[in-house]
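Counting in the working numbering, the sequence shown runs from 1290 upward without gaps.
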Amino acid sequence: MREEWFAANRSNWDARVPVHLKSASYGVDAFLAGRLALDAYDVAVLGDVRGAELLHLQCHVGLETLSWARLGARVTGLDFSPAAIATARDLAAQAGVAATFVEANVLDAPRALGGRRFDIVYASTGTLVWIPSVREWMEAASACLRPGGRLFLRDAHPALQAAADASPAGTLLIEGPYFETAEPLRLVRETSYVPDGGDARLAQPVTYQWNHSLGEIVTAAVAAGLALERLEELDWCAWPAFPWLEADAEGRWRPPSEAPRLPLSFALLARKPAAVPDAAEP
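Written as structure tokens, this is what we have:
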């Protein structure tokens, strides 16, 4: 069944590509004019990336990937959607930015990349919900890091993922599973998440999704051999997950000012320990 679930999701993401390219929230024209398509939070956490080899997992159309290249990283983007990868390569050519893009399922990343290892593995919003096993995702990410390398993951908070679409303003009404389940949620959504998607209907509206608790995510990272350096819960998310969220000056979506702060995203930074030198001969 896994391959059927992945195939449905891949077809859904193929269908999203033209919708996202036209969306002001993706800002393709602004990117081609020189603007970075990165959240300032991510740039602040990772710092100077000049000369670093950076792997962007589940990179979609590659705008963030190429933005890291503009900041001096040597970048590789990986995604399972052939339409997204073709678009990423085209955008790289249009922007004149050097980048490598690989079409593969993220769980196959170590094999698809031929065992290459990177200084940074990066992933942002819209990552873990498409993966049945967070343990397998963390193992794949860890395998792509060289000793001393860093994993940075910023994603939707599992509390948000479990919340009902109809959550009243300023609340998260838990409706779906919070913890990882063997069987996915089957969702039918005719449109994508971009606020200006309008009436653009997706040719393949069915997706299969999994939630993973914050504890499961952190435990999986540690079990994959990574040392946790930072875990932060954030009161904003990257898209209008609920109609009552409001965009701030940085393009983040937050509850109204009179509402309580809610955990809408999280960010995790972990490091693969440096190789332990062999003990000296007695």
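Glycine residues also receive a C-beta, built at the ideal position from the N, C-alpha and C atoms.
Would you report the Cα separation of residue i and residue j, rounded to the nearest angstrom?
i: valine 1410; j: alanine 1536; result: 28 angstroms
i: serine 1546; j: arginine 1324; result: 29 angstroms
i: leucine 1491; j: alanine 1509; result: 33 angstroms
i: arginine 1560; j: arginine 1550; result: 29 angstroms
i: valine 1334; j: proline 1562; result: 19 angstroms
i: glycine 1437; j: glutamate 1479; result: 43 angstroms
i: proline 1529; j: leucine 1476; result: 18 angstroms
i: valine 1511; j: leucine 1517; result: 7 angstroms
i: aspartate 1318; j: alanine 1382; result: 14 angstroms
Residues in its own chain within less than 7 angstroms of residue i by CB, not counting five upstream and five downstream?
i: proline 1399; result: Ala1429, Ala1432 and Cys1433
i: alanine 1304; result: Leu1491, Ala1492 and Gln1493
i: glutamate 1353; result: Ala1326, Leu1327, His1345 and Ser1413
Measure the CB-CB distance between residue i and residue j and report whether it falls below 8 angstroms.
i: alanine 1445; j: leucine 1346; result: no
i: tryptophan 1426; j: leucine 1396; result: yes
i: alanine 1375; j: glycine 1351; result: no
i: alanine 1362; j: valine 1386; result: no
i: asparagine 1298; j: threonine 1460; result: no
i: leucine 1344; j: leucine 1380; result: no
i: leucine 1558; j: arginine 1435; result: no
i: phenylalanine 1295; j: phenylalanine 1369; result: yes
i: alanine 1527; j: arginine 1541; result: yes
i: leucine 1449; j: threonine 1416; result: no
i: glycine 1366; j: alanine 1388; result: yes
Residues in its own chain within less than 8 angstroms of residue i by CB, not counting five upstream and five downstream?
i: proline 1571; result: In this prediction, proline 1571 has a pLDDT of 39, which is less than 50 and means its spatial position is unreliable; nothing more can be read from the coordinates.
i: asparagine 1301; result: Leu1491, Gln1493, Pro1494, Val1495 and Thr1496
Starting from residue i and walking both ways along the beta strand (DSSP E), at which residues does that stretch end?
i: threonine 1376; result: Where threonine 1376 is concerned, there is no enclosing beta strand (DSSP E), although the alpha helix (DSSP H) it sits in stretches over 1371–1384.
i: histidine 1345; result: 1342–1346
i: threonine 1365; result: 1363–1368
Can you find the residues in the same chain that come closer than 6 angstroms, C-beta to C-beta, to residue i, ignoring five residues on each side of it along the sequence?
i: alanine 1341; result: Ala1362, Asp1408 and Ile1409
i: alanine 1451; result: Ile1463, Gly1465, Tyr1467 and Asn1500
i: alanine 1489; result: Val1308
i: alanine 1458; result: Trp1533
For the alpha helix (DSSP H) containing residue i, name the first residue and the last one.
i: glutamate 1464; result: No alpha helix (DSSP H) holds glutamate 1464; DSSP gives it neither H nor E.
i: glutamate 1425; result: 1423–1432
i: glutamate 1469; result: Here glutamate 1469 belongs to no alpha helix (DSSP H), and DSSP marks it neither H nor E.
**Item:** Runs of alpha helix (DSSP H) lying entirely within the segment 1475–1558, each at least 4 residues, in chain order
**Value:** 1503–1512
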